[in-house]
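>
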Amino acid sequence: MAQVMGNVIVGQSGGPTAVINSSLAGVYKTARDRGARKVFGMLHGIQGLLEERVADLSKHIRSDLDIDLLKRTPSSFLGSCRYKLPEIKDNQEIYDKIFAILDKLEIEYFFYIGGNDSMDTIKKLSDYAILNGSRIRFMGVPKTIDNDLAVTDHTPGFGSAAKYIASITKEVIRDGLVYDQQNVTLLEIMGRNAGWLTGAAALAKGEDCEGPDMMFLPELIFDVEKFMNQVAEIHKVKKSVVIAISEGVKVADGRYVCELTDNIDFVDAFGHRQLTGTARYLAEKISKEVPGCKTRAIEFNSLQRCASHIVGRVDITEAYQVGGAAVKAAFEGETGKMIILKRVSDDPYLCVTDIYDVHKIANVEKKVPREWINEEGNYVTQAFINYVRPLIQAELTPMMVDGLPRHLRLDDISYGG
Ligand code: F6P
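The sequence shown begins at 446 in my numbering and counts up one residue at a time.
1. Just to check my reading of the structure: residue 452 and residue 551 have Cβ atoms closer than 8 angstroms, yes? What is that Cβ distance to the nearest angstrom?
2. So, does the stretch 596-612 touch the stretch 782-797, judging by three or more C-beta pairs under 8 angstroms?
3. State the start and end residues of the unbroken beta strand (DSSP E) segment that holds residue 787.
4. Rank 565, 530 and 735 by C-alpha distance to the C-alpha of residue 627 and give the top, closest one.
5. Verify whether the separation of the beta carbon atoms of residue 864 and residue 676 is less than 8 angstroms.
6. What is the rounded straight-line gap between the Cα of residue 667 and the Cα of residue 641?
7. Using only alpha-carbon positions, find the residue among 807, 783 and 829 that is nearest to residue 438.
8. I'd like the list of long-range same chain contacts for residue 775, defined as Cβ closer than 6 angstroms, with 5 residues on each side in sequence excluded.
9. For the beta strand (DSSP E) containing residue 796, name the first residue and the last one.
10. Across the stretch 761-780 and the stretch 797-813, are there enough close Cβ pairs to call them in contact, namely three or more that are closer than 8 angstroms?
11. By a C-beta neighbour count over all protein chains shown, 10 Å radius and 16 as the cutoff for buried, is residue 837 buried or exposed?
12. Could you spell out the range, first to last residue, of the beta strand (DSSP E) harbouring residue 415?
13. With a Cβ-Cβ cutoff of 8 angstroms, do residue 760 and residue 605 count as a contact?
14. How many Å lie between residue 494 and residue 855 at the Cα?
15. If contacts are defined as beta-carbon pairs under 8 angstroms, then residue 512 and residue 572 qualify, I think. What distance do you get, rounded to the angstrom?
16. With a threshold of 6 angstroms on Cβ separation, who are the neighbours of residue 481 within its own chain once the five nearest residues in sequence on each side are excluded?
17. Examine chain C for any beta-carbon lying closer than 8 angstroms to the beta-carbon of residue 786, and answer yes or no.
18. Could you check which residue in 615, 740, 518 and 724 has the C-alpha nearest to that of residue 765?
19. Using a 10 Å radius around the Cβ and a threshold of 16 neighbouring Cβ atoms, would you call residue 697 buried or exposed?
20. What is the DSSP secondary structure of residue 501, reduced to helix, strand or coil?
21. Need the endpoints of the beta strand (DSSP E) that residue 766 sits in, please.
22. Report the partner residues of residue 457 according to the DSSP bridge assignment.
23. Roughly how many angstroms separate the alpha carbons of residue 609 and residue 755, rounded to a whole number?
24. Three or more C-beta pairs closer than 8 angstroms, one from the stretch 627-637 and one from the stretch 722-741: is that the case here?
25. Whose C-beta lies closer than 8 angstroms to the C-beta of residue 491 among residues of the same chain, with five residues either side of it excluded?
26. Enumerate, from N- to C-terminal direction, the unbroken beta strand (DSSP E) stretches of 3 or more residues contained entirely within the stretch 455-541.
27. Mind listing, in chain order, the continuous alpha helix (DSSP H) runs of no fewer than 4 residues lying wholly within the stretch 627-701?
28. Residue 829 lies in the alpha helix (DSSP H); which residues open and close that run?
29. Just the C-alpha distance for residue 559 and residue 473, rounded to the nearest angstrom, thanks.
30. Tell me the residue span of the alpha helix (DSSP H) that contains residue 585.
31. To which residues of the same chain is residue 479 closer than 7 angstroms at the C-beta, ignoring the five residues directly before and after it?
32. In this structure, how does DSSP classify residue 449 when only helix, strand and coil are distinguished?
33. Taking residue 875 as part of the alpha helix (DSSP H), name the residues at either end of that continuous run.
34. DSSP beta-bridge partners for residue 850?
35. I think residue 718 touches residue 590, with their Cβ atoms under 8 angstroms apart; what is that distance to the nearest whole Å?
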């Protein structure tokens, strides 16, 4: 295949997923196969690039075996960041600096694997390039466990997180049945303002499992007293109650439930507050107010986004495909776009890739539609389940070494290489 002009650079940004490195592998392999001279990786995204911290990826991904290991490695291989670029009109200098660094590396193609905030970066950089006559092409590669990117049917990373959540929800439901004693287990699930992942707990329900008793998504206002009454009602008919709750549920006055208690006020560059403690707050409330009821708060936390040992094959394959599709599109001249997934059919499941204007995607949050949540506001509907079910299908076995999954590691991640 003909040599493309210039070099390629790829970065990862935002919270990681279990398959984000499959997209990195897709970008890397496709760029090399299509004749890219060098493929650089930004260490810790755009923030690292500003400090000229980049790695020549051919020194770190040396064989097909490395590519297979990379796909199966959780978290962001290159390191990530939460870094918000200013508006171009407010700080031209930072853009001049980024483009000077890119020119020094002879970059012609720039790929950023990320979610909403990362697409904001692609939008601004591609705008700047057009305004200043740069020939560098900028493409977004979708990723987020939250599944909250607009336009695309779903985002790579969501399916594997959903598979993990549904699997451990089944296991926890069984565990809750062990003693003949009244108990409530609260499962706190990520997703910030979108309830896609919390709703995925419903997939636990099947022939061998009754599924969670209730679930609360951030799309609806959470009423603490109503919740307490609902728990009491369920306890009239069964002893063990399991509830999935989003980290991002808010009460009527706009406060997060986790803000009703003490803790954490770390806020990142995008103004996102770290959300944690919703399940603990509610578990403590039940413990105090319902005598004799045992409670547990289980925060799935980072486990739900790094469980590469139970990755979904559909998910990891699509993650690879969107990486490859981004390279193909950029090499054919596209810029300021993101790869999207378009669902052709549910059964048999089929999705294809397409490209879409990143300006219409950046900073838009896709929430769970109201009609996919039941009227009572405490469970998802069958339509929701039909949408998610195909995305958790099939498995990819980890490469086991000495009894544990093997990963690929970038040794000099903290210092540049
Ligand atoms: O990237 C999405 C996400 O996983 C959210 O679901 C979660 O609220 C957030 O990241 C946590 O981010 P961090 O790891 O930066 O605290």
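Backbone N, C-alpha and C define an ideal beta-carbon position, used for all residues, glycine too.
Small disclaimer: the values here were computed from a predicted structure and weren't measured.
To lay it out plainly:
1. Here residue 452 is taken as the residue at index 7 of the sequence shown, counted from 1. Here residue 551 is taken as the residue at index 106 of the sequence shown, counted from 1. The pair is a contact, with the Cβ atoms about 5 angstroms apart (cut-off 8 angstroms).
2. yes
3. What you label residue 787 is simply residue 342 of the sequence shown in a count that begins at 1. 782-791 is the extent of the beta strand (DSSP E) around residue 787.
4. What you label residue 627 is simply residue 182 of the sequence shown in a count that begins at 1. Ranking 565, 530 and 735 by Cα distance to residue 627 puts 735 first.
5. As displayed, the chain neither begins before 446 nor continues past 862, which places residue 864 out of reach and without an answer.
6. Within the sequence shown, residue 667 is the residue found at index 222, counting from 1. Within the sequence shown, residue 641 is the residue found at index 196, counting from 1. Roughly 16 angstroms separates the two Cα atoms.
7. The question about residue 438 has no answer here: the residues shown for the chain are numbered 446 through 862.
8. By one-based count along the sequence shown, residue 775 stands at place 330. If we look at residue 775 and ignore the five residues flanking it on each side, its Cβ neighbours are 554, 582 and 584.
9. In the sequence shown, the residue the question calls residue 796 occupies position 351. Its beta strand (DSSP E) spans residues 794-802.
10. yes
11. On the sequence shown, position 392 is the one that residue 837 refers to. Per the 10 Å Cβ criterion, buried.
12. In the structure as shown, the chain starts at 446 and stops at 862, and residue 415 therefore has no counterpart that could be examined.
13. Along the sequence shown, read from residue 1 onward, the residue named residue 760 stands at position 315. Along the sequence shown, read from residue 1 onward, the residue named residue 605 stands at position 160. Going by C-beta atoms, residue 760 is nearer than 8 angstroms to residue 605.
14. As a first step, residue 494 is located in the sequence shown; it is residue number 49 there, counting from the start. As a first step, residue 855 is located in the sequence shown; it is residue number 410 there, counting from the start. Whole-angstrom Cα-Cα distance: 16 angstroms.
15. Position 67 of the sequence shown, counted from the start, is the residue given in the question as residue 512. Position 127 of the sequence shown, counted from the start, is the residue given in the question as residue 572. No, residue 512 and residue 572 are not in contact; Cβ-Cβ is about 33 angstroms, not under 8 angstroms.
16. Along the sequence shown, one-based indexing puts residue 481 at 36. 449 and 453.
17. As a matter of chain content, chain C is missing from the structure shown, which is built from one protein chain.
18. Counted from its first residue, the sequence shown places residue 765 at position 320. Ranking the options by Cα distance to residue 765, first place goes to 518.
19. Residue mapping note: residue 697 aligns to position 252 of the sequence shown, counting from 1. Exposed.
20. On the sequence shown, position 56 is the one that residue 501 refers to. Of the three classes helix, strand and coil, the one that applies to residue 501 here is strand, per DSSP.
21. Mapped onto the sequence shown, residue 766 falls at position 321. It is not in any beta strand (DSSP E) - residue 766 instead sits in the alpha helix (DSSP H) that spans 758-776.
22. Against the sequence shown, residue 457 aligns to sequence position 12. For residue 457, which the question treats as bridged, DSSP gives the partners 558.
23. Start at 1 with the first residue of the sequence shown, and residue 609 comes out as number 164. Start at 1 with the first residue of the sequence shown, and residue 755 comes out as number 310. Approximately 6 angstroms, taken between the alpha carbons.
24. yes
25. Taking the first residue of the sequence shown as position 1, residue 491 is located at position 46. Excluding residues within five positions, the ones whose Cβ falls inside 8 angstroms are 456, 458, 526, 528, 530, 543, 557 and 566.
26. 484-487 and 499-501
27. 641-644 and 669-680
28. Here residue 829 corresponds to residue number 384 of the sequence shown, with the count starting at 1. Start and end: 827-833.
29. As a position in the sequence shown, residue 559 is number 114, starting the count at 1. As a position in the sequence shown, residue 473 is number 28, starting the count at 1. C-alpha separation (whole angstroms): 16 angstroms.
30. Residue 585 sits at position 140 when you count from the first residue of the sequence shown. Segment 582-587 is the beta strand (DSSP E) holding residue 585; no alpha helix (DSSP H) there.
31. On the sequence shown, residue 479 is found 34 positions in, with the first residue counted as 1. Counting only Cβ-Cβ distances below 7 angstroms, and skipping sequence neighbours, we find 446, 449, 772 and 776.
32. Residue 449 sits at position 4 when you count from the first residue of the sequence shown. In the structure shown, residue 449 sits in coil (DSSP, three-state: anything other than H, G, I, E or B).
33. Within the shown structure, residues of the chain are numbered from 446 to 862, placing residue 875 beyond reach of any answer.
34. In the sequence shown, residue 850 corresponds to position 405, counting from 1. Paired residue(s): 845.
35. Your numbering for residue 718 matches position 273 in the sequence shown. Your numbering for residue 590 matches position 145 in the sequence shown. Rounded, the Cβ-Cβ distance is 18 angstroms, inconsistent with contact.
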